[in-house]
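Note sheet for the following structure.
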Amino acid sequence: MSLIKTFDQYQAAYQKSVNDPEAFWAEIAQEFKWRKPWTKTLDWNFTDPSIKWFQGGKLNITENCLDRHLTTRADQPAIVWEPNDPAEPGVTLTYRMLHDQVCRMANVLKRNGVVKGDRVCVYMPMVPELAITVLACARIGAIHSVVFGGFSAQSIADRINDAQCKVVVTSDGAYRGNKEIPMKDTVDDALIGCPSIERVIVMTRTRTPVAMLKGRDVWLEQELKHVTATCEAEEMDAEDVLFILYTSGSTGKPKGVVHTCGGYMVYAAYTFQTVFQYDTSAGTQPPLFFCTADIGWITGHSYIVYGPLATGGTSLLFEGVPTFPDAGRFWDIVDKHRVNIIYTAPTAIRSLMGAGLSHVAGHDLSSLQILGSVGEPINAEAWHWYDDNIGKNRCPVVDTWWQTETGGILISPIANVTKTKPTFATLPLPGIQPVLVDENGAEIEGNGVSGNLCIKFPWPGILRTTWGDHERCRQTYFSAYPGLYFTGDGCLRDEDGYYRITGRVDDVLNVSGHRIGTAEVENAINMHTGVVESAVVGYPHDIKGQGIYAYVITDDEQPIGHDTDLTKRDILATVTRVIGPIARPDKIQFVTGLPKTRSGKIMRRILRKIAEGDTANLGDTSTLLDPGVVDEIKKGAI
Ligand code: WT7
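Residue numbers (the working numbering): 3 to 640.
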């Protein structure tokens with residue numbers, strides 16, 4: 003694929019993608035290895051919705067990510083693994099090695115009864131085996147459902163049951179900073195309520211003692227002794243499901259976003275190459291790309307695994323956290339491996355910024371060429387700190403906006419092509435047609451305006467459905483504004499036509515780049531004994547972007563002289579058990595009532611204002627059932 007090199011070329015590509023989207027994408031898709039060409043490039047409507055790209059096309063994404071590169075780059079590193087402990091030796095897997103290991107793992111899955119279409123839950127640390135397992139599923143046409151290692155047993159169980167997974171692949175434990183985290187134990191707790199699971203495949207990482215149930219649990223090491231490195235890739239239809247990834251919304255339990263083989267592959271690879279100007283011209287070692295996300299999130303799926311590998315690139319996989327052994331760890335990794343492109347989240351930048359420049363000093367960052375940001379709005383201070391101190395003002399900062407549902411980046415500068423502007427995701431990539439709409443769904447045209455961000459035409463990476471519940475997909479994304487895909491984000495388009503994402507307009511929080519539904523947190527809090535009702539809102543947090551503020555009503559049954567601090571800690575423990583530590587409220591305020599309208603609806607607007615500390619401007623409270631409750635909450639605000 004030829005890269006876009008100038009702004010004129012970007013504009014020409016954009017025009018073409020709007021005038022003739024099918025021709026535009028067909029040309030890009032042709033660069034991949036298809037077992038059989040597609041017969042219809044695009045078939046769609048946003049009403050059902052029904053979206054099909056490259057219909058009739060047959061392929062296997064792992065042939066594109068692995069086999070295709072064996073003739074030209076078998077000995078080139080595909081994955082460079084940096085362990086949690088810098089003293090532990092890392093691992094470099096060339097394309098040949100990765101191909102062999104994926105085939106072996108695929109054979110292990112087959113030996114354990116996995117066939118095309120089966121769902122496999124993957125709950126693992128950030129080790130090469132995680133990427134290998136994901137690709138092994140894709141190799142045999144099994145659908146992976148990766149669950150982030152920070153989720154609780156209950157969350158794993160919910161996801162396994164929703165997708166009716168047959169097999170779990172996990173690890174005895176994980177290293178995260180100076181902590182050792184149990185994984186198999188957590189899976190065991192989850193599986194008490196998961197009758198669909200027939201087999202648990204356990205790798206060893208920490209070699210902590212774990213229970214191994216005869217007939218259900220097998221060691222990966224043992225299994226690998228029985229397989230060869232030959233595994234023919236399963237032929238998949240372009241629209242066969244590649245994976246499910248659960249993500250939070252404003253209501254109910256997390257939903258399983260479904261991505262399919264052909265469109266997702268084309269989009270992940272195209273955006274990777276375009277945004278990061280990733281050049282794989284033959285004969286040279288391509289840039290080293292370091293995406294700091296976890297493979298448990300979409301960023302890891304698209305820009306650690308599929309995008310870079312489908313491109314023939316080299317992807318760095320880091321097991322640890324940015325602050326271990328100290329806040330210089332990212333820069334240590336950049337220096338040690340000569341990283342060329344780093345892709346991280348504003349929350350990490352802000353926390354490293356807070357740790358001070360002494361952690362940056364002494365590291366040679368001259369290998370860096372491009373700095374990426376993803377996951378939440380990046381504030382001006384963090385943007386400049388990144389630009390000044392990490393990129394030394396010689397690397398473009400690409401603020402990439404997208405979502406689990408979009409499969410890949412939608413709005414972003416193209417490195418060295420699009421003029422950047424701090425806090426702006428700038429312009430839509432070719433193929434993306436954003437529109438801003440008002441509350442009534444009317445399109446807001448022109449520049450210097452803001453509204454709700456929608457997209458009016460499909461791109462290959464858009465979600466196809468939500469697993470097991472197509473109506474929920476329609477309801478969530480395609481019903482608010484008929485004919486449009488609604489992102490849930492608010493957005494500003496400035497005088498230059500540049501886009502700045504201002505944050506969610508629904509009841510979804512973004513805490514340290516993690517997406518959490520307020521309803522989910524409320525449900526978890528409400529499960530705590532003695533809690534009558536709760537309301538959760540977000541508030542601005544210096545490092546996390548948003549913090550979680552919970553207003554909680556308890557009953558009178560608390561032990562006499564009960565310690566409210568202890569009750570708060572109990573509630574936190576309950577939330578950790580139900581969802582996981584990422585959903586723990588930062589602040590809990592006990593209240594005796596919540597501001598409700600006469601129809602019983604909680605007025606979150608008021609609660610948000612109080613949580614933000616903006617109690618002077620609460621707006622109209624006259625429609626409240628009991629306006630007095632607001633004064634009490636204001637007085638007790640934390
Ligand atoms: C939500 C999607 C994109 C992969 C990681 C998060 C917010 C994401 C940006 C950005 C402002 C951003 C949006 C979006 N978001 N990137 N560059 N600027 N906001 O994926 O968990 O599905 O969350 O993250 O609010 O809707 P996700």
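From the three backbone atoms N, C-alpha and C, an ideal C-beta is built for every residue, glycine too.
Own chain, CB closer than 6 Å to L626, minus 5 neighbours either side, in chain order = In the sequence shown, residue 626 corresponds to position 624, counting from 1. Spatial neighbours of L626 in its own chain (CB-CB distance under 6 Å, excluding positions within 5 residues in sequence) are listed in chain order as P597.
request  = Alpha carbon to alpha carbon, how far is K168 from V116? Give it in angstroms, no decimals.
outcome  = Mapped onto the sequence shown, residue 116 falls at position 114. Mapped onto the sequence shown, residue 168 falls at position 166. Between V116 and K168, the C-alpha separation is close to 8 Å.
message = Are the CB atoms of Y541 and P587 within a distance shorter than 8 Å?
response = Mapped onto the sequence shown, residue 587 falls at position 585. Mapped onto the sequence shown, residue 541 falls at position 539. Contact: no.
Burial state of P85, where buried means 16 or more other Cβ atoms lie within 10 Å = What you label residue 85 is simply residue 83 of the sequence shown in a count that begins at 1. It counts as buried.
key: Stretch pair the stretch 34-41 + the stretch 56-64: three plus CB contacts closer than 8 Å   = With a cut-off of 8 Å, the stretch 56-64 and the stretch 34-41 count as touching, because enough Cβ pairs lie within range.
key: Coil, strand or helix - D616 by DSSP   = Counting from one through the sequence shown, the residue named residue 616 turns up at place 614. Reduced to three states, the DSSP call for D616 is coil.
request  = Could you pull out every residue in the same chain whose Cβ sits closer than 6 Å to the Cβ of G515, ignoring the five residues on either side in sequence?
outcome  = Looking up residue 515 in the sequence shown gives position 513. Excluding five sequence positions before and after G515, the CB atoms of its chain that fall closer than 6 Å to its own CB belong to A347, T349, G377 and E378, given in chain order.
key: Proximity of K423 and V437 at Cβ, strictly below 8 Å   = In the sequence shown, residue 423 corresponds to position 421, counting from 1. In the sequence shown, residue 437 corresponds to position 435, counting from 1. Using a Cβ distance threshold of 8 Å, K423 and V437 do not count as a contacting pair.
inquiry  = In this structure, how does DSSP classify D187 when only helix, strand and coil are distinguished?
reply    = Against the sequence shown, residue 187 aligns to sequence position 185. It is helical.
ask   = So is the beta-carbon of G377 under 7 Å away from any non-hydrogen atom of ligand 1?
value = Locating residue 377 in the sequence shown gives position 375, counting from the first residue. The answer is yes for G377.
query = What residues match up with N395 in a beta bridge as DSSP calls it?
reply = Taking the sequence shown and counting its residues from 1, one reaches residue 395 at position 393. Under DSSP, N395 takes part in no beta bridge, so it has no partner.
Nearest-angstrom Cα separation, counted from N512 out to G658 = There is simply no residue 658 to check, as the chain begins at 3 and stops at 640 in what is shown.
query = Taking 8 Å as the CB-CB limit, is E497 close to chain D?
reply = Among the chains of the structure shown, chain D does not appear; only one protein chain is present.
query = Which whole-angstrom value is the C-beta distance of A138 and M185, which I expect to be below 8 Å?
reply = Taking the sequence shown and counting its residues from 1, one reaches residue 138 at position 136. Taking the sequence shown and counting its residues from 1, one reaches residue 185 at position 183. In fact, because the Cβ distance is near 18 Å, the residues do not count as touching under 8 Å.
query = Is it a yes or a no for the stretch 213-221 touching the stretch 121-141, going by three-plus beta-carbon pairs under 8 Å?
reply = By the Cβ rule, the stretch 213-221 does not count as touching the stretch 121-141, because fewer than three pairs are nearer than 8 Å.
ask   = If G330 and H365 are in contact, beta carbons under 8 Å, what's the gap, nearest whole angstrom?
value = Position 328 of the sequence shown holds residue 330. Position 363 of the sequence shown holds residue 365. The beta carbons of G330 and H365 sit about 6 Å from each other, so the pair counts as a contact at 8 Å.
message = Quick check: what's the CA-CA separation for E522 versus K18?
response = Taking the first residue of the sequence shown as 1, we reach residue 522 at position 520. Taking the first residue of the sequence shown as 1, we reach residue 18 at position 16. Just so you know, the alpha carbons of E522 and K18 end up roughly 42 Å apart.
query = Between the stretch 228-248 and the stretch 435-451, do at least 3 Cβ pairs fall closer than 8 Å?
reply = At 8 Å Cβ cutoff, the stretches do not touch.
query = For V169, which beta-bridge partners are listed by DSSP?
reply = On the sequence shown, position 167 is the one that residue 169 refers to. Partner(s): V122 and R201.
ask   = Nearest to W333 by CA position, among A363, L311, E535 and A14, is which residue?
value = Residue 333 sits at position 331 when you count from the first residue of the sequence shown. Among A363, L311, E535 and A14, the Cα nearest to that of W333 belongs to A363.
ask   = Using CA coordinates, which residue listed in G152, K118, V171 and G549 is at the minimum distance from T135?
value = Locating residue 135 in the sequence shown gives position 133, where the first residue counts as 1. Among G152, K118, V171 and G549, the Cα nearest to that of T135 is on V171.
request  = Mind reading off the beta-carbon distance from L609 to V539? Whole number of angstroms is fine, and I expect it under 8 Å.
outcome  = Position 607 of the sequence shown, counting from 1, holds the residue named residue 609. Position 537 of the sequence shown, counting from 1, holds the residue named residue 539. Between L609 and V539, the beta carbon gap of about 5 Å places them in contact (Cβ cut-off 8 Å).
Own chain, CB closer than 7 Å to T96, minus 5 neighbours either side, in chain order = Locating residue 96 in the sequence shown gives position 94, where the first residue counts as 1. Only residues of its own chain outside the window of five on either side were considered, and among them A76, D77, Q78, P79 and A80 have a CB closer than 7 Å to the CB of T96, listed in chain order.
query = Helix, strand or coil for R517 per DSSP?
reply = Indexing the sequence shown from 1 puts residue 517 at position 515. R517: strand per DSSP, three-state reduction.
query = Which runs of the beta strand (DSSP E) fall wholly inside the stretch 543-591 and span at least 3 residues, in chain order?
reply = Counting only unbroken stretches of 3 or more residues, the beta strand (DSSP E) elements lying wholly within the stretch 543-591 are 547-556, in sequence order.
query = Hey, how far is the Cα of N381 from the Cα of T425?
reply = For the purposes of this step, residue 381 is identified with residue 379 of the sequence shown, where counting begins at 1. For the purposes of this step, residue 425 is identified with residue 423 of the sequence shown, where counting begins at 1. N381 and T425: Cα-Cα distance of roughly 6 Å.
key: Contacting residues, own chain, Cβ-Cβ under 6 Å from P415 (five flanking each side not counted)   = Position 413 of the sequence shown, counting from 1, holds the residue named residue 415. So the qualifying residues of the chain are V400, T422 and T428.
Coil, strand or helix - K611 by DSSP = As a position in the sequence shown, residue 611 is number 609, starting the count at 1. Of the three classes helix, strand and coil, the one that applies to K611 here is helix, per DSSP.
query = Per the contact definition of three or more C-beta pairs closer than 8 Å, is the stretch 487-502 in contact with the stretch 447-454?
reply = The stretch 447-454 is in contact with the stretch 487-502.
ask   = Taking the alpha-carbon positions, what's the G258 to Q275 distance?
value = Against the sequence shown, residue 258 aligns to sequence position 256. Against the sequence shown, residue 275 aligns to sequence position 273. A straight-line Cα-Cα distance of about 27 Å links G258 and Q275.
query = Does the count of Cβ pairs from the stretch 504-511 and the stretch 303-314 closer than 8 Å reach three?
reply = Segments in contact, no.
ask   = Is A25 buried or exposed, if buried means 16 or more other CB atoms sit within 10 Å of its CB?
value = As a first step, residue 25 must be located in the sequence shown, where it is residue number 23. By the neighbour-count criterion, in which a residue is buried when 16 or more other Cβ atoms sit within 10 angstroms of its Cβ, A25 is exposed.
task = List the endpoints of the continuous beta strand (DSSP E) containing Y501.
result = By one-based count along the sequence shown, residue 501 stands at place 499. Counting along the chain, Y501 sits inside the beta strand (DSSP E) bounded by residues Y501 to R506.
query = In its own chain, which residues sit with a C-beta less than 6 Å from the C-beta of I640, not counting the 5 before and 5 after it?
reply = Within the sequence shown, numbered from 1, the residue matching residue 640 stands at position 638. Close CB contacts of I640 within its chain, under the 6 Å cut and outside five residues either way in sequence, are with K589 and Q591 (chain order).
request  = Compare the Cα-Cα distances from A88 to each of F150, S536 and T325 and report the closest residue.
outcome  = One-based indexing of the sequence shown puts residue 88 at position 86. In the sequence as presented, Ala is not what sits at residue 88; that position holds Pro. Residue T325 is the option with its Cα nearest to P88.
task = Using only the heavy atoms of ligand 1, determine whether one of them is closer than 7 Å to the beta carbon of W461.
result = For this step, residue 461 is matched to residue 459 along the sequence shown. For ligand 1, not one heavy atom lies less than 7 Å from the Cβ of W461.
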